[in-house]
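In what follows, a single structure is set out as structure tokens and then discussed.
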Amino acid sequence: MRQLVRFGIQQALSCVFAVVLFGMLAVTEVWTTPIPRYDLLLIGCLLLTAVLWLARVETTREVLVIGVFHLVGLALELFKVRAGSWAYPEDAYTKIGGVPLYSGFMYAAVGSYMCQAWRRLDLALTGYRPVPTSIAATGVYANFFTHHWLPDLRVLGALALVATTWRTTVSYRVGTVRYRMPLAVSFVLIGLFLWLAENAATFLGAWQYPDQGDIWRMVHLSKFGSWALLVSVSFVLVASLKRLDSRGRGEGGSDFDRPAPSRVRPFQQRRAGKNTAARRP
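The numbers in this note's numbering rise by one with no breaks, and the one at position 63 of the sequence shown is 67.
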């Protein structure tokens, strides 16, 4: 139970960007803002990014990666809104093609979480294959666009990700103990929490699906699968940053292919040491 609490605390600290963004959504939902709500959210997200950088919660490279997340997410938003997948019904000065610029920060929040969690939980990968995984993730991202006029290949994309990450495990440290899980499983778990977050965001009016126009309804469960797939794109971007950071420090990619001891190994080693000491004359 203590380890679970420690893990939860580290996860909460890693979600600082998302938590503040949800706080701004909640406040602006019940408060009549002096300027359009979407514009105020954009200003708040820019200030939040600056504060996290100045406070050294996020490094310069991480801020740049978060900026890439913003652009990747904004491109998807512009296309999806034009295709009628969802909409931003409120007025704003900072809207392009019906999409408020603050919307990209919702994807940036995912990038911020991944960067923070990687550092706080001391993530390490074993058996990671960057090239095939990146190709599969790129195909997944492209399918979010092409399935509007071509066959939907998300099932094939999911199978490709499972294949390219089949022997890839991610280990993380809680206190002095390391745990590990298959990388594909982490995509599913993060996707689940993002789907839950999406339900909260649409409830707070961050955006609106066609069936939520008259009354709020839960986001369709199929979006859970979409988020699990989109997580792979986020992961590939952050993993590329971490590889560059490791090489820049002259560590040769120390976060990759590092031995990932299981939870029980430290205990077994300590116990063996005690037994050996007891047998000494």
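In this text, a Cβ means the ideal position worked out from N, Cα and C, and glycines have one as well.
- Taking the Cα positions, Ala16 is about 24 Å away from Met222.
- Within the stretch 186-249, no run of beta strand (DSSP E) at least 3 residues long lies entirely inside it.
- Taken through DSSP and simplified to helix, strand or coil, Ser89 comes out as coil.
- A straight-line Cα-Cα distance of about 13 Å links Thr137 and Thr130.
- Our two residues, Ala79 and Ala243, have alpha carbons roughly 21 Å apart in a direct line.
- Beta-bridge analysis with DSSP links Ile100 to Val103.
- Remark: fewer than three beta-carbon pairs, one from each stretch, lie closer than 8 Å, so the stretch 54-70 and the stretch 219-233 are not flagged as touching.
- Residues of the same chain with a CB within less than 6 Å of the CB of Cys19, apart from the 5 flanking positions on each side, are Tyr117 in chain order.
- Taking a C-beta distance under 9 Å as the contact criterion, Ala113 and Ser236 do not qualify as a contact pair.
- Contact between Val178 and Gln7 holds, since their C-beta atoms are separated by about 5 Å, short of 8 Å.
- Under the three-state reduction of DSSP output, Arg182 falls in the strand class.
- Rounded to the nearest angstrom, the Cβ distance from Leu75 to Gly101 is 14 Å, too far for a contact under 8 Å.
- Contact fails between the stretch 27-37 and the stretch 81-97, because fewer than three Cβ pairs, one in each stretch, are under 8 Å apart.
- Exclusion of the five residues before and after Tyr111 leaves Phe73, His74, Val76 and Gly77 as the residues of its chain whose Cβ lies within less than 7 Å of its Cβ.
- For Arg124, the enclosing alpha helix (DSSP H) starts and ends at Gly108 to Arg124.
- If you check the CB distance, Leu160 and Val174 do not come in under 9 Å.
- In the structure shown, Asp95 falls within a coil segment according to DSSP collapsed to helix, strand and coil.
- In the displayed model, Pro155 falls within coil according to three-state DSSP, outside both helix and strand.
- DSSP places Ala54 in the uninterrupted alpha helix (DSSP H) bounded by Arg41 to Leu58.
- Here Val69 carries a helix assignment [DSSP, helix/strand/coil].
- Collapsing the DSSP output to three states places Met28 in a helix.
- Around the beta carbon of Ser226, fewer than 16 other beta carbons lie within 10 angstroms, which makes this residue exposed.
- Collapsing the DSSP output to three states places Pro38 in coil.
- Distance between Cys49 and Thr206, taken at the CA atoms: about 18 Å.
- Thr168 counts as buried, since no fewer than 16 other beta carbons sit within 10 angstroms of its beta carbon.
- Linking Phe26 to Gln212 through their CA atoms gives a straight-line distance of about 16 Å.
- An exposed status is given to Val9, since fewer than 16 other beta-carbon atoms sit within 10 Å of its beta-carbon.
- Judged by DSSP secondary structure, Thr142 falls within the alpha helix (DSSP H) whose first and last residues are Pro134 to Thr150.
- By the criterion of a C-beta distance shorter than 6 Å, Phe149 is surrounded in its chain by Phe83, once the five residues flanking it on both sides are discounted.
- Look at Thr168 here: in three-state DSSP terms it is helix.
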